[in-house]
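Below: one structure, written as structure tokens.
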Amino acid sequence: MNLRTFLLGTCSAVAMSGLAQAETLTIATVNNADMIRMQKLTDDFTAKNPDIQVEWVTLEENVLRQRVTTDIATKGGQYDIMTIGTYEAPIWAKQGWLVPLDNLGADYDVDDLLPAIRSGVSIDGKLYAAPFYGESSMVMYRKDLFEKAGLTMPDAPTWDFIADAARKITDKNAEVYGICLRGKAGWGENMAFLTATANAFGARWFDENWKPQFDQPEWKNALDFYVKLMNDAGPPGASSNGFNENLSLFQTGKCGMWIDATVAASFVTNPKESTVADKVGFALAPDTGLGKRGNWLWAWNLAVPAGSQKVAAAEKFIAWATGKDYLKLVADKEGWANVPPGTRTSLYANPDYQKAAPFAKMTLDSINAADPKNPAVKPVPYVGVQFVAIPEFQGIGTAVGQQFSAALAGQTSVDQALASAQQLTEREMTKAGYIK
0 MNLRTFLLGT
10 CSAVAMSGLA
20 QAETLTIATV
30 NNADMIRMQK
40 LTDDFTAKNP
50 DIQVEWVTLE
60 ENVLRQRVTT
70 DIATKGGQYD
80 IMTIGTYEAP
90 IWAKQGWLVP
100 LDNLGADYDV
110 DDLLPAIRSG
120 VSIDGKLYAA
130 PFYGESSMVM
140 YRKDLFEKAG
150 LTMPDAPTWD
160 FIADAARKIT
170 DKNAEVYGIC
180 LRGKAGWGEN
190 MAFLTATANA
200 FGARWFDENW
210 KPQFDQPEWK
220 NALDFYVKLM
230 NDAGPPGASS
240 NGFNENLSLF
250 QTGKCGMWID
260 ATVAASFVTN
270 PKESTVADKV
280 GFALAPDTGL
290 GKRGNWLWAW
300 NLAVPAGSQK
310 VAAAEKFIAW
320 ATGKDYLKLV
330 ADKEGWANVP
340 PGTRTSLYAN
350 PDYQKAAPFA
360 KMTLDSINAA
370 DPKNPAVKPV
380 PYVGVQFVAI
390 PEFQGIGTAV
400 GQQFSAALAG
410 QTSVDQALAS
420 AQQLTEREMT
430 KAGYIK
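Here numbering that gives the first Met the number 0 is used: position 392 in the sequence shown is 391, and no number is missing along the way.
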């Protein structure tokens with residue numbers, strides 16, 4: 000063997016040894032646009048951390064929730080990092096299912112996280128999930144259609160105004176529908192929207208003794224209103240539409256209004272993605288004059304399951320993906336308007352962001368206005384605006400969502416959907432010991 004062959008062999012062995020020692024993180028995430036963008040930018044992380052590789056498992060929202068819940072509850076160990084919501088984070092942390100994020104680095108600046116978002120993923124001041132983006136909900140509407148109809152959107156509209164405007168701007172022959180709202184069944188899909196909306200109508204999931212309230216007039220008024228409005232001014236097949244489907248409809252000019260997550264604002268105003276980018280206006284989520292608006296509070300977060308053997312590597316990735324430098328990276332690549340919103344105070348103080356994002360103030364106002372501890376007009380025993388922060392809600396909420404989606408599709412009546420919701424919720428809450 001000559002010297003050259005020996006040196007090449009040695010270098011090859013060292014290289015292979017380095018590859019063998021590299022850790023691979025498997026990350027489960029949702030197929031939302033911000034997460035898709037993060038995947039495209041992951042080379043920045045691996046270039047800075049060559050000893051860590053990343054594999055993505057990207058899933059539709061309802062499927063993601065099912066998979067990560069099953070995996071963490073059974074200690075399956077499929078994922079090193081999970082994308083979870085504000086609902087799961089405190090519940091799973093209290094059950095000991097999540098690793099506290101104690102080592103995100105000296106420059107991470109936990110105190111810069113918006114208080115409303117940070118508190119939702121913390122227990123006793125300790126962070127158990129790091130927010131990737133935060134959101135509330137608001138009205139996104141076509142200014143050109145409003146002008147054509149002689150309408151002016153108030154900054155703080157009522158549901159009556161929204162319904163009247165939706166019917167006036169609907170042109171079904173041109174495939175323009177006055178309003179697009181979630182109809183796809185799921186506790187985090189149609190029930191997120193309908194629970195927040197019902198709050199504005201004076202409804203609540205449970206009274207102070209955990210008795211379900213679907214047999215009360217407030218829920219009847221809310222669901223009747225929703226179904227009639229969607230039948231009059233919504234798109235066909237609305238019972239199959241969730242966040243992503245309605246986003247596509249709005250971007251292609253088929254929705255006059257869309258009431259949904261504030262995070263969508265950057266997508267509907269991005270000329271690369273939206274045919275109506277220069278025609279979009281924003282307003283607060285509607286109310287009915289009872290003192291509560293239909294605006295929720297949510298964050299998609301990155302968390303590490305307990306028992307993970309790759310905590311140090313996982314925390315490095317989470318610090319990269321949810322830190323200030325990542326916001327700057329997105330801004331450099333795609334402009335300030337497209338950075339993940341709703342997590343950091345410094346972002347909303349940034350003049351570059353304020354200039355680039357006409358929706359920034361409305362987003363922050365909506366996040367700050369949400370009140371998870373007092374979500375309804377009447378007193379409630381639970382925390383959560385568009386969900387009820389108890390472990391049983393995931394199953395109950397999805398089952399109720401299926402009933403309400405069926406009512407929207409015309410497969411059952413509003414009255415029957417509410418009666419079924421009342422019955423199944425009473426049964427499950429009794430089984431769980433909430434009702435004696």
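Glycine is no exception: its CB is placed at the ideal position from the N, C-alpha and C atoms. Bear in mind that the values here come from a model prediction, so they are computed numbers and not experimental data.
With DSSP run on the structure shown, which of helix, strand or coil describes residue i?
i       : result
Glu-134 : strand
Val-303 : coil
Ala-218 : One detail in the question is off: residue 218 reads as Trp in this sequence, not Ala. In the structure shown, Trp-218 sits in a helix (DSSP, three-state: H, G or I).
Gln-65  : helix
Trp-55  : strand
Lys-327 : helix
Ala-348 : coil
Ala-375 : coil
Ala-232 : helix
Lys-125 : strand
Thr-157 : strand
Tyr-107 : coil
Asp-101 : coil
Trp-91  : helix
Asp-206 : coil
Asp-370 : coil
Arg-181 : coil
Glu-425 : helix
Trp-297 : strand
Asp-43  : helix
Ala-418 : helix
Asp-170 : strand
Val-175 : strand
Met-152 : coil
Ser-16  : Legend: pLDDT at Ser-16 = 43, less than 50; position of this residue unreliable, value from coordinates given subsequently. It is helical.
Pro-49  : coil
Am I right that residue i and residue j are in contact with their C-beta atoms under 8 Å? What's the rounded C-beta distance?
i       : j       : result
Leu-112 : Pro-130 : 7 Å
Phe-281 : Ala-264 : 7 Å
Ala-197 : Ala-221 : 4 Å
Phe-316 : Ile-80  : 6 Å
Asp-154 : Leu-283 : 6 Å
Val-56  : Ala-32  : That pair is no contact at about 17 Å.
Asp-223 : Val-413 : 5 Å
In terms of residue numbering, what span does the beta strand (DSSP E) encompassing residue i cover?
i       : result
Ile-434 : No beta strand (DSSP E) contains Ile-434, which DSSP labels as neither H nor E.
Ile-258 : 256-260
Phe-281 : 279-283
Val-29  : 22-29
Thr-82  : 80-84
Answer yes or no: do residue i and residue j have a C-beta to C-beta separation smaller than 9 Å?
i       : j       : result
Gly-383 : Tyr-86  : yes
Gln-415 : Ala-408 : no
Ser-307 : Val-98  : yes
Gly-241 : Asn-189 : yes
Thr-375 : Asn-269 : Per the sequence shown, residue 375 should be read as Ala rather than Thr. Against a cut-off of 9 Å, the Cβ pair of Asn-269 and Ala-375 comes out as no contact.
Met-37  : Tyr-352 : no
Val-262 : Pro-371 : no
Val-338 : Ala-330 : yes
Glu-60  : Val-29  : yes
Cys-254 : Val-138 : no
Ile-83  : Ala-128 : yes
Ile-258 : Ile-389 : no
Gly-133 : Ile-122 : no
Gly-95  : Ala-305 : yes
Asp-159 : Thr-287 : yes
Phe-392 : Trp-186 : yes
Ala-368 : Ser-135 : yes
Ala-148 : Ala-164 : yes
Leu-289 : Gly-201 : yes
Along the chain, where does the alpha helix (DSSP H) containing residue i start, and where does it finish?
i       : result
Phe-200 : Note, Phe-200: premise wrong, no alpha helix (DSSP H); not H, not E.
Gly-396 : 392-407
Glu-244 : 242-250
Ile-442 : Outside the displayed range of the chain (0 to 435) lies residue 442, so it cannot be described from this structure.
Lys-147 : 142-147
Ala-311 : 310-321
Gln-385 : Careful: Gln-385 lies outside any alpha helix (DSSP H) and carries neither H nor E.
Val-267 : 264-267
Asp-286 : Here Asp-286 belongs to no alpha helix (DSSP H), and DSSP marks it neither H nor E.
Can residue i be considered in contact with the ligand ZN, in the sense that its beta carbon sits closer than 8 Å to one or more heavy atoms?
i       : result
Ala-330 : Questions concerning the ligand ZN fall outside what the structure shown contains, since it holds no ligand whatsoever.
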